[in-house]
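Participant: One line per chain: the protein sequences are A and B, in this order. Heads up: the first sequence is residues 1 to 263, going by my numbering. Heads up: the second sequence is residues 264 to 526, going by my numbering. Glycine included, every Cβ here is placed at the ideal spot set by N, Cα and C.
Number of protein chains: 2
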Amino acid sequence: MSGTPSPGRLWLIPTPLGEAADPRRCLPPDTVAIASRLHYFIAENARTARAFLKHLDLDRPIQQIEIRELSEHTPAAELPALLAPILAGQDAGLISEAGCPAVADPGAALVALAHHHRVPVHPLIGPSAILLALMASGMSGQSFAFVGYLPQQPEARLQAVRTLEQRSARSGETILMIETPYRNQAIFETLLSGLSGDCRLMVASSLSLPDQLIRTDRVAAWRNSPVQLARVPTVFGLIAPAQPATAPKDRERAQRRAAGRQR
Amino acid sequence: MSGTPSPGRLWLIPTPLGEAADPRRCLPPDTVAIASRLHYFIAENARTARAFLKHLDLDRPIQQIEIRELSEHTPAAELPALLAPILAGQDAGLISEAGCPAVADPGAALVALAHHHRVPVHPLIGPSAILLALMASGMSGQSFAFVGYLPQQPEARLQAVRTLEQRSARSGETILMIETPYRNQAIFETLLSGLSGDCRLMVASSLSLPDQLIRTDRVAAWRNSPVQLARVPTVFGLIAPAQPATAPKDRERAQRRAAGRQR
């Protein structure tokens, strides 16, 4: 009787947020240890993944490690082939271009397919620009939303910014967004012109890297001392002024989370 | 001339998600190194913070390290006193009960006050149950929202679940929520009865710990093989079936993020 093999595990492996960061310093030893013993990786970019792996103390020559790409250009029809070695019993690591895989990247589709086939999925601890930005914002972490990218067309972008402030005012949410680095300044200027003066705005650039810059201020204060943003990865955050009506709900949440203990 | 001293820095220090986890294994060496040399901490719970610090190789006896509490019971009027040593030039570490400080905990108010006084804020890398759950969900990370706790009253909770599915169907968002552990089963049963069969539902318990449990499935499949949830920290996630109308936007995002490179 030849039974079906047990599937391997899919490890979700975060990587540093920039090439200036040493993975052995900015990743937990447990994450490094698992990444160092895997022989099959699915990476958003094979070149970047190889550069990451070269920093680790691998248990075999890097030439013997298989790296296949899963990028935004990978057709959905190719996902089963990427999963096949795992179904045959091999462990695999999923690696994003920077930060946590399967968050705002093409890896989520592979994770979904893994769940469909009952492949155990193991997320590992490491850096996330979105989460570091949220921590550093000083804005409410009781409820927050990541909305990705804003529209490119200026009028649509301005309208989107106004809609996001209205949403934050209604829900109390902190709103986080990212942009391609060369468009940082355009987004920043749209935020300054579209948001009301009392809205709080965060700019968080190069998080966890030597040139990290984090500033949260009221929009009115930003307007008095605007900055020129570098073309580096940046997370923007905003929260509308607190609405008196939301206070009782906040208090209730605060009381209830006394027994919750995780974030 | 006696000038004002430069303020110290406020370090945001993540801690393990459970007592079973060794901080030296699940935190990056950079995070551990900074936590080990600070002499002033602001912690959600002083006892838990002391237990965490005892795992580290501190540069002085723990009795000489000051730990003050900032919990959900701390009045806002006491925040300036917590910040005062930092304004006088001392570095400080902010520590949550578990996971990342200032995300769904009372620390965000202190971070906001730090920004107001131009105190440099430095978020450090470490575990977040919310982020690990999002990675592991296989659901869209292109846009997601954390909504905290659902209402306690059964009818209101059922209505909230239906509203969240409608929101996910409209926006394409992945929705994440948490609950106090003893209410896990009640939330789970409300999700199974309130969501439509095609909705995908994730249960992620004890993340990064030995008894970790992660399962994502369609609600119809969950109904066929329901589970009894342990009373341990759990993140729930849901996403409504993809709406054809959102596809072009997803494609545009995929193309644009080719130059983005962070998550």
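Would you report the Cα separation of Ser299/B and Leu316/B, rounded to the nearest angstrom?
Facilitator: Counting from one through the second sequence, the residue named residue 299/B turns up at place 36. Counting from one through the second sequence, the residue named residue 316/B turns up at place 53. Each residue's Cα considered, the two are about 8 Å apart.
Participant: Starting from Met202/A, follow the beta strand (DSSP E) in both directions and report where the run begins and ends.
Facilitator: By one-based count along the first sequence, residue 202/A stands at place 202. Its beta strand (DSSP E) spans residues 200 to 205.
Participant: Residues of chain B with a CB under 9 Å from the CB of Arg25/A: which are they?
Facilitator: Residue numbering aside, residue 25/A sits at position 25 when the first sequence is read from its first letter. The contacting residues are Pro291, Pro292, Asp293, Ala296.
Participant: Determine the chain B residues that contact Gln64/A at a beta-carbon separation under 7 Å, and present them in chain order.
Facilitator: Walking along the first sequence from the start, residue 64/A turns up at place 64. Simply none; closest approach about 27 Å.
Participant: May I ask which residues mark the beginning and end of the alpha helix (DSSP H) holding Val490/B?
Facilitator: Locating residue 490/B in the second sequence gives position 227, counting from the first residue. Element bounds for Val490/B: n/a, residue is neither H nor E.
Participant: Please classify Gln518/B: does DSSP put it in a helix, a strand, or coil?
Facilitator: By 1-based counting over the second sequence, the position of residue 518/B is 255. Its pLDDT being 48, under 50, Gln518/B is placed unreliably by the model, and the measurement read from it follows with that caveat. In the structure shown, Gln518/B sits in a helix (DSSP, three-state: H, G or I).
Participant: Determine, using beta carbons only, whether His318/B comes closer than 8 Å to chain A.
Facilitator: One-based indexing of the second sequence puts residue 318/B at position 55. Closer than 8 Å: no.
Participant: Could you tell me whether the Cβ atoms of Leu439/B and Ile393/B are closer together than 8 Å?
Facilitator: If you number the second sequence from 1, residue 439/B lands on position 176. If you number the second sequence from 1, residue 393/B lands on position 130. Closer than 8 Å, so yes.
Participant: Hey, could you find the ends of the beta strand (DSSP E) Ile239/A is sitting in?
Facilitator: Looking up residue 239/A in the first sequence gives position 239. Element bounds for Ile239/A: 234 to 239.
Participant: Output yes or no for whether 8 Å exceeds the beta carbon distance between His73/A and Asp22/A.
Facilitator: Within the first sequence, numbered from 1, the residue matching residue 73/A stands at position 73. Within the first sequence, numbered from 1, the residue matching residue 22/A stands at position 22. Cβ atoms of His73/A and Asp22/A: not closer than 8 Å.
Participant: Listing by chain order, which chain A residues have their CB less than 9 Å from the CB of Ile450/B?
Facilitator: On the second sequence, position 187 is the one that residue 450/B refers to. Chain A residues near Ile450/B: none, gap ~12 Å exceeds 9 Å.
Participant: In chain order, what residues of the same chain lie with their CB nearer than 6 Å to the CB of Pro16/A, ignoring the 5 residues before and after it?
Facilitator: Your numbering for residue 16/A matches position 16 in the first sequence. Hits under 6 Å: Pro23, Cys26.
Participant: Are the C-beta of Val384/B and some C-beta of chain A separated by less than 8 Å?
Facilitator: As a working note, residue 384/B is residue 121 in the second sequence. For Val384/B, the answer is yes, since a Cβ of chain A falls inside 8 Å of its Cβ.
Participant: Taking any Cβ of chain B, which residues in the region 212 to 223 of chain A have a Cβ under 9 Å from it, in chain order?
Facilitator: The residues in question are Gln212, Ile214, Arg215, Thr216, Asp217.
Participant: Assign Thr426/B to buried or exposed, taking buried as 16 or more other Cβ atoms, counted over all protein chains shown, within 10 Å of its Cβ.
Facilitator: By one-based count along the second sequence, residue 426/B stands at place 163. By the 10 Å Cβ count, Thr426/B comes out exposed.
Participant: Report the start-end ranges of each beta strand (DSSP E) in the region 308 to 353 of chain B that is 3 residues or longer and not cut off at the edges.
Facilitator: Qualifying beta strand (DSSP E) stretches, in chain order: 329 to 332.
Participant: Quick check on DSSP: helix, strand or coil for Tyr40/A?
Facilitator: Within the first sequence, numbered from 1, the residue matching residue 40/A stands at position 40. Note: Tyr40/A maps to strand in three-state DSSP.
Participant: State the Cα-Cα distance for the pair Ile86/A and Leu10/A, rounded to the nearest angstrom.
Facilitator: As a first step, residue 86/A must be located in the first sequence, where it is residue number 86. As a first step, residue 10/A must be located in the first sequence, where it is residue number 10. Ile86/A and Leu10/A: Cα-Cα distance of roughly 7 Å.
Participant: Could you check how far apart the C-beta atoms of Ala114/A and Val103/A are, in whole angstroms? I think they sit under 8 Å.
Facilitator: Position 114 of the first sequence, counted from the first residue, corresponds to residue 114/A. Position 103 of the first sequence, counted from the first residue, corresponds to residue 103/A. Ala114/A to Val103/A, Cβ: 16 Å. No contact.
Participant: Could you compute how far the alpha carbon of Ile125/A sits from the alpha carbon of Ile95/A?
Facilitator: Along the first sequence, one-based indexing puts residue 125/A at 125. Along the first sequence, one-based indexing puts residue 95/A at 95. Straight-line Cα distance between these residues: approximately 13 Å.
Participant: Could you tell me if Met351/B is buried or exposed, where buried requires 16 or more neighbouring beta carbons within 10 angstroms of its beta carbon?
Facilitator: Here residue 351/B is taken as the residue at index 88 of the second sequence, counted from 1. Note on residue identity: the sequence assigns Ala, not Met, to residue 351/B. Looking at its Cβ environment, which holds fewer than 16 other Cβ atoms inside 10 Å, Ala351/B is exposed.
Participant: Tell me, please, whether the CB atom of Leu413/B is closer than 8 Å to any CB atom in chain A?
Facilitator: By one-based count along the second sequence, residue 413/B stands at place 150. With 8 Å as the cut-off, Leu413/B does not count as an interface residue toward chain A.
Participant: Out of Leu238/A, Ile67/A, Ala49/A, Thr48/A, state which residue places its alpha-carbon closest to the alpha-carbon of His39/A.
Facilitator: As a first step, residue 39/A is located in the first sequence; it is residue number 39 there, counting from the start. When only C-alpha atoms are compared, the closest one is Ile67/A.
Participant: Less than 8 Å separating the beta-carbons of Gly93/A and Phe41/A?
Facilitator: Here residue 93/A refers to the residue found at position 93 when the first sequence is read from its first residue. Here residue 41/A refers to the residue found at position 41 when the first sequence is read from its first residue. Yes, these two residues count as a Cβ contact at 8 Å.
Participant: For Val382/B, does the three-state DSSP call read helix, strand or coil?
Facilitator: Along the second sequence, read from residue 1 onward, the residue named residue 382/B stands at position 119. If DSSP states are grouped into helix, strand and coil, Val382/B belongs with coil.
Participant: Spatial neighbours of Glu19/A within its chain, please: C-beta separation below 8 Å, excluding the five flanking residues on both sides.
Facilitator: Position 19 of the first sequence holds residue 19/A. Contacts found: Ala51.
Participant: Can you name the residues of chain A whose CB is closer than 8 Å to the CB of Gly457/B?
Facilitator: Here residue 457/B refers to the residue found at position 194 when the second sequence is read from its first residue. Under the 8 Å cutoff, chain A gives no residues; its nearest Cβ is about 19 Å from Gly457/B.
Participant: Return the bridge partner residues of Phe407/B from the DSSP annotation.
Facilitator: The residue labelled residue 407/B in the question sits at position 144 within the second sequence. The partner list for Phe407/B (beta bridge, DSSP) reads Phe146/A, Thr437/B.
Participant: Who are the Cβ neighbours of Val382/B in its own chain at under 6 Å, not counting the five residues just before and after it?
Facilitator: Residue mapping note: residue 382/B aligns to position 119 of the second sequence, counting from 1. Hits under 6 Å: Pro270, Leu273, Ile349.
Participant: When you compare the CB of Gln159/A with every CB in chain B, is at least one pair closer than 8 Å?
Facilitator: If you number the first sequence from 1, residue 159/A lands on position 159. Not one chain B Cβ lies under 8 Å of Gln159/A.
Participant: Can you look up Ile276/B in the DSSP assignment and give me helix, strand or coil?
Facilitator: Position 13 of the second sequence holds residue 276/B. Here Ile276/B sits in strand by DSSP.
Participant: Please check if any C-beta of chain B sits within less than 8 Å of the C-beta of Gln142/A.
Facilitator: Taking the first sequence and counting its residues from 1, one reaches residue 142/A at position 142. So, interface residue.
Participant: Quick one: using the 10 Å Cβ neighbour count with 16 as the cut-off for buried, is Gln64/A buried or exposed?
Facilitator: Walking along the first sequence from the start, residue 64/A turns up at place 64. Label assigned to Gln64/A: exposed.
Participant: Can you round the beta-carbon distance between Ser171/A and Ile239/A to whole angstroms, since I take them to be within the 8 Å contact cut?
Facilitator: Indexing the first sequence from 1 puts residue 171/A at position 171. Indexing the first sequence from 1 puts residue 239/A at position 239. Ser171/A to Ile239/A, Cβ: 10 Å. No contact.
Participant: Which value, in whole angstroms, describes the spacing of the CA atoms of Asp250/A and Pro61/A?
Facilitator: The sequence position of residue 250/A within the first sequence is 250, counting from 1. The sequence position of residue 61/A within the first sequence is 61, counting from 1. Note that Asp250/A scores a pLDDT of 49, beneath 50, so its modelled location is shaky; the value from the coordinates is reported in the next line. About 54 Å.
Participant: With DSSP as the reference, identify every bridge partner of Gly93/A, one or two as the case may be.
Facilitator: By 1-based counting over the first sequence, the position of residue 93/A is 93. Answer is Trp11/A, Phe41/A, bridged to Gly93/A.
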